[in-house]
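Chains as they are written, first to last, in this note's numbering: chain D, 1 to 358; chain G, 1001 to 1305. Idealized CB from N, CA, C, for every residue including glycine. All values derive from a computational prediction rather than experimental measurement. Below you'll find the structure, written out as structure tokens, and then a few comments.
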Amino acid sequence: MRLILERRDDRPAWLALASPLVAVTLTLIAGAVLFALLGKDPLAALKVFFVDPLSDGWALQELAVKATPLILIAVGLTLCYRSNTWNIGAEGQLVMGAVFGSWLALATHGSANGPWVLPAMLLLGILGGMAWALIPALLKARLGVNEILTSLMLVYVAELLLDYLVRGRWRDPQGFNFPQSVSFEPEATMPILFGAGRLHVGFAIAVVVALIAALLMARSLKGFEIRLAGEAPRAARFAGFDTARTTLLVFAVSGGLAGLAGIIEVAGPLGQLQPSISPGYGFTAIIVAFLGRLNPIGALIAGLFLALTFIGGENAQIAMRIPLDVTRVFQGLLLFFVLGCDTFLLYRLRRVPSVRAA
Amino acid sequence: MGMTEAILLTIITAATPLLIAALGELVVERSGVLNLGVEGMMIVGAATGFAAAILTGSTVIGILAGIGAGMILAAIFAALALGLAANQVATGLALTILGLGASGLIGSAFVGARRDALAKIDLPWLTDLPVVGKVLFGQDPLVYVSALLAVGVWWFLWKTRAGLVLRAVGESHGAAHALGYSVLKIRFLAVLFGGGCAGLAGAYLSLAYTPFWSPGMTAGRGWIALAIVVFASWLPLRAVIGAYLFGGVTVLQLHAQARGWGIPSQAMSALPYLATILVLVLISVRRRGDAQAPASLGTPFVPDR
């Protein structure tokens, strides 16, 4: 007797909802095993990781702050992956958005400026991320160069450029030689949402972006084009849709959103440019996109969950001396389980009695 | 030792891990599977190999542990990408993320530990020959392993029946299945081989190239190995050229930094990544029209009976 995969004829709706939940449950079980292997009390560790960050209002604000870049980037990646285009360089696009936007913050530093500065910074951030994403997109659309490798290579290049700027030209002259820029002026920082605390307007922007993307994907012709390009590329070509243009579009959107996430991060929680501005949001957002079942609303929920792993990981490091790398292991395991569970949306397992070859 | 000789020696040690990892991935891709997790398998191989070598005091055990670790990760990839027909791109990315985290956990106890690098071979009078002596006859054993591996992979893919079947599976899994070959079993073995090679490449980094462990030490070499496979048009002997080209770029970068030609060090560090993009562009321009990638590359296979 052996097990085989058999294609499902139906696609039950409850399975589509259950699959991410099953994946999360399996990750928690695997996490408990991992903690036990590290010699920690599994239940206490899971509580520090996944329950304590939800305990009070301050913690919830922090969760939303961490979720903001994840949601913004993942919404863009959702469009990419839906169209079967693989932008995995969002981390670099995030950095370039931060660099472009920060240029304005630094150029206007120390002089009286109006309320136009922040919106202009956000716009520049979008353009920066978009420009960086269009490099692999153009190479793919015009010359057929593999976008996976080029978009990833540009992450390293962007990080080195940022490093060069904050250690050189853009370093704060009064900063005791620390590799960081001056702190941004108040008009160049994200306004706080509820008077006090850390939650800033960026989170509201991320929620609105996710809602708009969900609407456009479901209702607009472009959304249909994107979905068709991924699910039935031949049909898309017969329908006269230009796949090269779709590639450029989804890269531009995802790069723009990653750039927006970058400048929001710098103008929000960080308040200045540093050599490292992201703990890998651009890569984690890939997991967010898949956990959210490549759906913008799903990305919104999944973004909050993965933000939990970042905060939980930091807490566990302080409270239980668990290495920060556990967060990455968790995230990798989660993506494995998500992909594994998704298989059962398309296929069912069937037992077949083994037959002897005649 | 002359300057040329020194440069040649460093190019060889820089190219060896790239070559080993690229050859492994080449076999995987020839069987029609795209495993983007090379970076993850490589860094776990580096951490495990170094940890095992410190604990046992044996470099050989360290190398074997690195290979084993790469194969374990490859088996996880295979379970999902082959067993459950999951999306190969996403599964490979998951493997890389998992590998980066796991290597940190494995290596955390060994940060700062040092041991002697894998010894170089010293043949009685061959090694003392001028110029070519050290380059040809004075390398560490794994350099020769990488050369044998290149020839071996070439011989296997083009001169053996098993290699022909593997390539057939990569070109058209449907046809190979119809002929009675077990597509998934062949792919599984190829993926395991690729994992072993990536693990070995990682162990080379932490045991021979820089004889210590530091987090993130692969620094994108796994991705560069993937680019070398494309550059090589999936041909093993061209992968040798690719690996040595990238080894050369790495060394150029180090020498330029040491001399400080007034170029920012970050610009020099970006060189291998920019070179990768440039090479991918050039190869696509030259190859317009005729696709050379295995036809079934990246498409999951589910037998219908």
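Coil, strand or helix - LEU5 of chain D by DSSP: Residue 5 of chain D sits at position 5 when you count from the first residue of the first sequence. LEU5 of chain D falls in the strand class under three-state DSSP.
From G:VAL1038, G:THR1056 and G:ALA1275, residue whose alpha carbon lies closest to that of CYS1197 of chain G: In the second sequence, the residue the question calls residue 1197 of chain G occupies position 197. For CYS1197 of chain G, the nearest C-alpha among the options comes from G:VAL1038.
Cross-strand partners of VAL352 of chain D (DSSP beta bridge): Counting from 1 along the first sequence, the entry for residue 352 of chain D is found at position 352. Beta-bridge pairing links VAL352 of chain D to D:ARG2.
Distance between SER1103 of chain G and VAL991 of chain G (C-alpha atoms, nearest Å): With chain G covering 1001 to 1305 only, the question about residue 991 of chain G has no answer from this structure.
Environment of LEU1278 of chain G [buried if 16+ CB atoms lie within 10 Å]: Within the second sequence, numbered from 1, the residue matching residue 1278 of chain G stands at position 278. When all chains shown are included, LEU1278 of chain G counts as exposed.
Residue range of the alpha helix (DSSP H) that includes THR1370 of chain G: Absent from the structure is residue 1370 of chain G, since the part of chain G shown begins at 1001 and ends at 1305.
9 Å Cβ cutoff, ASP10 of chain D in contact with chain G: Residue numbering aside, residue 10 of chain D sits at position 10 when the first sequence is read from its first letter. No, ASP10 of chain D does not count as interfacial toward chain G.
Contact check, ILE88 of chain D vs ILE286 of chain D, beta carbons under 9 Å: If you number the first sequence from 1, residue 88 of chain D lands on position 88. If you number the first sequence from 1, residue 286 of chain D lands on position 286. Their beta carbons are under 9 Å apart, which means ILE88 of chain D touches ILE286 of chain D by this criterion.
Test: VAL1095 of chain G CB closer than 9 Å to a CB of chain D: Here residue 1095 of chain G is taken as the residue at index 95 of the second sequence, counted from 1. Note that residue 1095 of chain G is Leu in the sequence shown, not Val. Taking Cβ atoms only, chain D reaches closer than 9 Å to LEU1095 of chain G, which makes this a yes.
Chain-order list of residues whose beta-carbon lies under 6 Å from that of MET217 of chain D (same chain, five-residue window excluded): Taking the first residue of the first sequence as 1, we reach residue 217 of chain D at position 217. Cβ neighbours of MET217 of chain D within its own chain (closer than 6 Å, five residues either side excluded): GLY223.
Within chain C, partners of GLN1292 of chain G - CB distance below 9 Å: Here chain C cannot be found, since the structure's protein chains are D and G.
9 Å Cβ cutoff, TYR981 of chain G in contact with chain D: As displayed, chain G neither begins before 1001 nor continues past 1305, which places residue 981 of chain G out of reach and without an answer.
Which residues DSSP lists as bridging TYR156 of chain D, in chain order: Position 156 of the first sequence, counting from 1, holds the residue named residue 156 of chain D. None; TYR156 of chain D has no bridge partner.
Three-way DSSP call (helix, strand, coil) for TYR969 of chain G in this model: Only positions 1001 to 1305 of chain G appear in the structure, and residue 969 of chain G is not among them; the question remains open.
Sequence ranges, beta strand (DSSP E) only - wholly within the stretch 325-349 of chain D, length at least 3: Runs of the beta strand (DSSP E) spanning 3 or more residues and lying entirely within the stretch 325-349 of chain D do not occur at all.
Proximity test, Cβ basis, 9 Å: ILE29 of chain D and chain G: Translated into the one-based positions of the first sequence, residue 29 of chain D becomes position 29. By this cut-off, ILE29 of chain D is not an interface position.
Minimum Cβ-Cβ distance from PRO20 of chain D to chain G less than 9 Å: Within the first sequence, numbered from 1, the residue matching residue 20 of chain D stands at position 20. No, because no Cβ of chain G sits closer than 9 Å to the Cβ of PRO20 of chain D.
Alpha-carbon spacing of ARG142 of chain D relative to ASN177 of chain D, whole angstroms: For this step, residue 142 of chain D is matched to residue 142 along the first sequence. For this step, residue 177 of chain D is matched to residue 177 along the first sequence. So the alpha carbons of these two residues sit roughly 44 Å apart.
Interfacial residues, the stretch 322-336 of chain D to chain G, with Cβ spacing under 9 Å: Under the 9 Å Cβ criterion, the stretch 322-336 of chain D contributes PRO323, LEU324, ASP325, VAL326, THR327, ARG328, VAL329, PHE330, GLN331, GLY332, LEU333, LEU334, LEU335 and PHE336.
At least three beta-carbon pairs within less than 8 Å, the stretch 320-340 of chain D to the stretch 274-293 of chain D: Here the stretch 320-340 of chain D lies against the stretch 274-293 of chain D, with 3 or more beta-carbon pairs under 8 Å apart.
Given 8 Å, three or more beta-carbon pairs between the stretch 246-262 of chain D and the stretch 123-136 of chain D: Taking a cut-off of 8 Å on C-beta distances, the stretch 246-262 of chain D touches the stretch 123-136 of chain D, as three or more cross pairs fall below it.
Neighbouring residues, chain G, relative to MET217 of chain D (Cβ below 7 Å): The count along the first sequence starts at 1 and reaches residue 217 of chain D at position 217. Neighbourhood of MET217 of chain D in chain G, by CB distance below 7 Å: empty, with the nearest CB roughly 19 Å away.
Buried or exposed (CB count within 10 angstroms, at least 16 for buried), SER1296 of chain G: Residue numbering aside, residue 1296 of chain G sits at position 296 when the second sequence is read from its first letter. When all chains shown are included, SER1296 of chain G counts as buried.
Helix, strand or coil at ILE1054 of chain G [DSSP, three-state]: Counted from its first residue, the second sequence places residue 1054 of chain G at position 54. The answer is helix: DSSP assigns ILE1054 of chain G an H, G or I state.
Limits of the unbroken alpha helix (DSSP H) element including MET217 of chain D: The residue you call residue 217 of chain D lines up with position 217 of the first sequence. In the DSSP assignment, MET217 of chain D falls within the unbroken alpha helix (DSSP H) covering 201-219.
Contacts of ILE1054 of chain G in chain D (Cβ-Cβ under 7 Å): On the second sequence, residue 1054 of chain G is found 54 positions in, with the first residue counted as 1. Per Cβ cutoff of 7 Å: no residues; ILE1054 of chain G is ~18 Å from chain D at best.
ILE264 of chain D in three-state terms, based on DSSP: Along the first sequence, one-based indexing puts residue 264 of chain D at 264. In the structure shown, ILE264 of chain D sits in a helix (DSSP, three-state: H, G or I).
Length of the line joining the Cα atoms of ALA1065 of chain G and MET1071 of chain G: As a first step, residue 1065 of chain G is located in the second sequence; it is residue number 65 there, counting from the start. As a first step, residue 1071 of chain G is located in the second sequence; it is residue number 71 there, counting from the start. Going by C-alpha positions, ALA1065 of chain G is about 10 Å away from MET1071 of chain G.
Contact check, PRO53 of chain D vs GLY312 of chain D, beta carbons under 9 Å: Here residue 53 of chain D refers to the residue found at position 53 of the first sequence. Here residue 312 of chain D refers to the residue found at position 312 of the first sequence. Cβ distance < 9 Å, so PRO53 of chain D and GLY312 of chain D count as in contact.
Bridge-paired residues (DSSP) for ILE192 of chain D: Residue mapping note: residue 192 of chain D aligns to position 192 of the first sequence, counting from 1. Answer is D:HIS200.
Beta carbon proximity, ALA358 of chain D to chain G, threshold 9 Å: Within the first sequence, numbered from 1, the residue matching residue 358 of chain D stands at position 358. Caution is warranted here: a pLDDT of 41 is assigned to ALA358 of chain D, below 50, making its placement in the model unreliable, and no coordinate value can be reported.
Delimiting residues of the alpha helix (DSSP H) encompassing GLU1171 of chain G: Here residue 1171 of chain G refers to the residue found at position 171 when the second sequence is read from its first residue. Note, GLU1171 of chain G: alpha helix (DSSP H), 1161-1171.
Of the listed residues G:PRO1211, G:PRO1303 and G:PRO1017, nearest to ASP1116 of chain G (C-alpha basis): Your numbering for residue 1116 of chain G matches position 116 in the second sequence. Out of G:PRO1211, G:PRO1303 and G:PRO1017, the CA that lies nearest to the CA of ASP1116 of chain G is found in G:PRO1211.
is_contact[ALA1295 of chain G, chain D] using C-beta, thresh 9 Å: Along the second sequence, one-based indexing puts residue 1295 of chain G at 295. Cβ-Cβ to chain D under 9 Å: no for ALA1295 of chain G.
Given 8 Å, three or more beta-carbon pairs between the stretch 1229-1242 of chain G and the stretch 1093-1103 of chain G: The stretch 1229-1242 of chain G makes no contact with the stretch 1093-1103 of chain G, as fewer than three CB pairs between them are under 8 Å.
Segments of 4+ residues assigned as alpha helix (DSSP H) that fall wholly inside the stretch 42-105 of chain D: Qualifying alpha helix (DSSP H) stretches, in chain order: 42-46 and 57-82.
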